[in-house]
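Asker: When we follow full-length UniProt numbering, the leftmost residue of the sequence shown carries the number 1, and every step to the right adds one.
All C-beta atoms in this analysis are idealised placements derived from N, C-alpha and C, irrespective of residue type, glycine included.
Dumping the structure here so I can ask a few things about it.
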Amino acid sequence: MLIMCVIPVEYVEAKLAGSQKPDWNRAVSEAEKIVGYPTSFLSLRWLLSDEIANVALHLRKLVGSNHPLLKTAKSVIYNGRNNMQAWGLIVLLISKAAGHLSVDDMEEDKAAGVLHSQRALAEVTEMIRTSHLVHKGLVNIESDVYLETSELNDMNFGNKIALLSGDYLLANSCAELANLRNQDIVELMSSAVRDLAEAEFVGRRDNQNNPLPSVPPEDRKDYAVKEWTLRNVLSAGALLGKSCKGTLKLAGHSNEIQEQGYNFGKHLALAWQACLDLGPFITKDQNVTFNLCSAPIMFHIEHDPSILTEIDKGLESVNNVDYVKIHKIVMMGPGVELTKQLQKRHSQKAMEVLSVFEKSDARKALCNIIAAMGDF
1 MLIMCVIPVE YVEAKLAGSQ KPDWNRAVSE AEKIVGYPTS FLSLRWLLSD EIANVALHLR
61 KLVGSNHPLL KTAKSVIYNG RNNMQAWGLI VLLISKAAGH LSVDDMEEDK AAGVLHSQRA
121 LAEVTEMIRT SHLVHKGLVN IESDVYLETS ELNDMNFGNK IALLSGDYLL ANSCAELANL
181 RNQDIVELMS SAVRDLAEAE FVGRRDNQNN PLPSVPPEDR KDYAVKEWTL RNVLSAGALL
241 GKSCKGTLKL AGHSNEIQEQ GYNFGKHLAL AWQACLDLGP FITKDQNVTF NLCSAPIMFH
301 IEHDPSILTE IDKGLESVNN VDYVKIHKIV MMGPGVELTK QLQKRHSQKA MEVLSVFEKS
361 DARKALCNII AAMGDF
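So this is what it looks like as structure tokens:
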């Protein structure tokens, strides 16, 4: 029986050694040293391939266009708090924190303290996540919307590149999974891909498949948490959670420990998403666009559904929404504070799971990453 701590991980590793709150970039940089190599970008084996080199050349042709693939490419490279490539780092850190049981020495990367199969799974996690984001950048070209010939050509060309490059990453991740020769891991990660696809069919959407909040029921109790959690477990929590579960399975841990790995990944992903959702509402710049299904907005809808009048202007396209007005409305309500509480709650749950593992540099690095996401 696992005993969970009420106060997370020795009071967050003695309040992170009594120091200041960890800086995000520093926390990630220190964590990368622990697992042996930078994981903040995709594996060089894929990046230096001829196929990706060709994609990079084609992307240059899209510079100056409004195709969303360029924004996706920038977010992949950007080394900041929204860097999804840190997910591979999380998988490696939980692998090292948990250790491994009775595995052939030939399979272990001695320097990093993780198995070669665990490192491969971390790369697969990054590739699946990135391929999904690239595929989401496809533009729905409507026949009744007039576009200049040059703009139409840009959109069509960008769609082709997004579709093919996303397929390339997904195909490589499938091949890498097959090389692990573990049917349970293949099934687990396949279900994570299914969850990513299912997330795109939850709730209302505009014509470009951008998410819109669902109309709440008459009894709005827990509406915000339920809908936000459903969307983000499918679109993020399931992949990171199942990757953490899978890496512990590769190390020979019990089903109970594997489930703790899933819970850690899920809660960390949800805390991460809540942190990202807060971003536009704690910055001084009000002229920013944001996800209309972000946590502060969902909480405000539960508090006062009249904001849907403004949001529903985006039923055809979210570009028709007055983001500045919605920002001001949300800032006057309880949404921001409730989102901070939501982020803290999931951070605490992730921290509690770490109590299962022995004290180590890897566990401390995970604590630092959690603490760097927000005020803990």
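Where Ile-326 and Glu-310 are concerned, what is the direct C-alpha to C-alpha distance, given to the nearest angstrom?
Answerer: Cα to Cα, the separation comes out at about 7 Å.
Asker: Can you give the Cα-Cα distance for Asn-159 and Gly-137, rounded to whole angstroms?
Answerer: Approximately 8 Å, taken between the alpha carbons.
Asker: Starting from the C-beta of Asn-156, find all residues in its chain whose C-beta is less than 8 Å away, skip the five residues before and the five after it, and write them out in chain order.
Answerer: Correct list, in chain order: Ile-141.
Asker: Specify the secondary structure class of Arg-194 as computed by DSSP and reduced to three states.
Answerer: Here Arg-194 sits in helix by DSSP.
Asker: State the Cα-Cα distance for the pair Leu-292 and Leu-69, rounded to the nearest angstrom.
Answerer: Taking the straight line joining both Cα atoms gives about 20 Å.
Asker: Determine the contact status of Leu-338 and Ala-295, defining contact as a CB-CB distance below 9 Å.
Answerer: The answer is yes: Cβ separation under 9 Å.
Asker: With a Cβ-Cβ cutoff of 9 Å, do Gln-258 and Leu-248 count as a contact?
Answerer: Yes.
Asker: Can you tell me whether Thr-72 is buried or exposed? The criterion is at least 16 other CB atoms within 10 Å of its CB, across all chains shown.
Answerer: Flag for Thr-72 reads buried.
Asker: Going by other Cβ atoms of all chains shown within 10 Å of its Cβ, with 16 needed for buried, is Leu-133 buried or exposed?
Answerer: It counts as buried.
Asker: Less than 9 Å separating the beta-carbons of Asn-368 and Ala-31?
Answerer: In this structure, Ala-31 lies closer than 9 Å to Asn-368 by Cβ.
Asker: Identify whether Leu-115 lies in helix, strand or coil by the three-state DSSP scheme.
Answerer: Reduced to three states, the DSSP call for Leu-115 is strand.
Asker: Is there at least one non-hydrogen atom of the ligand MN closer than 8 Å to the beta-carbon of Leu-69?
Answerer: Ligands in the displayed structure: none, and consequently the ligand MN is not present.
Asker: Who does Pro-211 pair with in a DSSP beta bridge?
Answerer: Bridge partners of Pro-211: Arg-205.
Asker: Which word fits Pro-213, buried or exposed, when buried means at least 16 other C-beta atoms lie within 10 angstroms of its C-beta?
Answerer: Burial call: buried.
Asker: If you draw a straight line from the C-alpha of residue 377 to the C-alpha of Pro-305, how long is it?
Answerer: This structure leaves residue 377 out entirely; the chain is present only between 1 and 376.
Asker: What distance in whole Å lies between the Cβ atoms of Ile-329 and His-300, which are believed to be in contact at a cut-off of 8 Å?
Answerer: Yes, His-300 and Ile-329 are in contact; Cβ-Cβ is about 7 Å, under 8 Å.
Asker: Exposed or buried, which one is Ala-171 when buried takes at least 16 other CB atoms within 10 Å?
Answerer: Burial call: exposed.
Asker: Just to confirm the assignment, what range does the alpha helix (DSSP H) spanning Thr-149 have?
Answerer: That run of the alpha helix (DSSP H) goes 149-179.
Asker: Determine the contact status of Gly-113 and Gly-166, defining contact as a CB-CB distance below 9 Å.
Answerer: It is not a contact, given that the beta carbons lie outside the stated cut-off.
Asker: Out of Gly-252, Asp-285, Lys-364, Leu-196, which has the shortest C-alpha to C-alpha gap to Asp-184?
Answerer: For the residues Gly-252, Asp-285, Lys-364, Leu-196, the minimum Cα distance to Asp-184 belongs to Gly-252.
Asker: May I ask which residues mark the beginning and end of the alpha helix (DSSP H) holding Cys-367?
Answerer: Here the alpha helix (DSSP H) through Cys-367 covers 361-372.
Asker: Grouping DSSP H, G and I as helix and E and B as strand, with all else coil, what is Arg-220?
Answerer: Three-state result, Arg-220: coil.
Asker: Return helix, strand or coil for Glu-352, following the three-state DSSP convention.
Answerer: Helix, per DSSP.
Asker: Over what stretch of residues does the alpha helix (DSSP H) that includes Val-35 continue unbroken?
Answerer: From DSSP, the alpha helix (DSSP H) with Val-35 extends over 24-35.
Asker: What does the Cβ neighbour count give for Asp-219, buried or exposed, with the cut at 16 atoms within 10 Å?
Answerer: Burial call: exposed.
Asker: Measuring CA to CA, which of Ser-190, Asn-210, Glu-256 is closest to Phe-357?
Answerer: Of Ser-190, Asn-210, Glu-256, the residue nearest in Cα terms is Glu-256.
Asker: Out of curiosity, what's the CA-to-CA distance linking Ala-178 and Asp-285?
Answerer: Ala-178 and Asp-285: Cα-Cα distance of roughly 47 Å.
Asker: Could you tell me the alpha carbon to alpha carbon distance between Ala-271 and Asn-66, rounded to whole angstroms?
Answerer: About 31 Å.
Asker: Taking all protein chains shown into account, decide if Val-215 is buried (16 or more other Cβ within 10 angstroms of its Cβ) or exposed.
Answerer: Val-215 is exposed by the Cβ-count criterion.
Asker: Quick check on Met-332: does DSSP put it in helix, strand or coil?
Answerer: Here Met-332 sits in coil by DSSP.
Asker: Among Leu-62, Ala-86, Ile-307, whose alpha-carbon lies nearest the alpha-carbon of Ala-27?
Answerer: Comparing Cα positions, the closest option is Ala-86.
Asker: According to DSSP, simplified to helix, strand and coil, what is Gln-286?
Answerer: Correct three-state label for Gln-286: coil.
Asker: Does the Cβ of Glu-316 have 16 or more other Cβ atoms within 10 Å, making it buried, or fewer, making it exposed?
Answerer: So Glu-316 ends up on the exposed side.
Asker: The alpha helix (DSSP H) spanning Val-91 covers which residue range?
Answerer: Run containing Val-91: 86-98, per the alpha helix (DSSP H) assignment.
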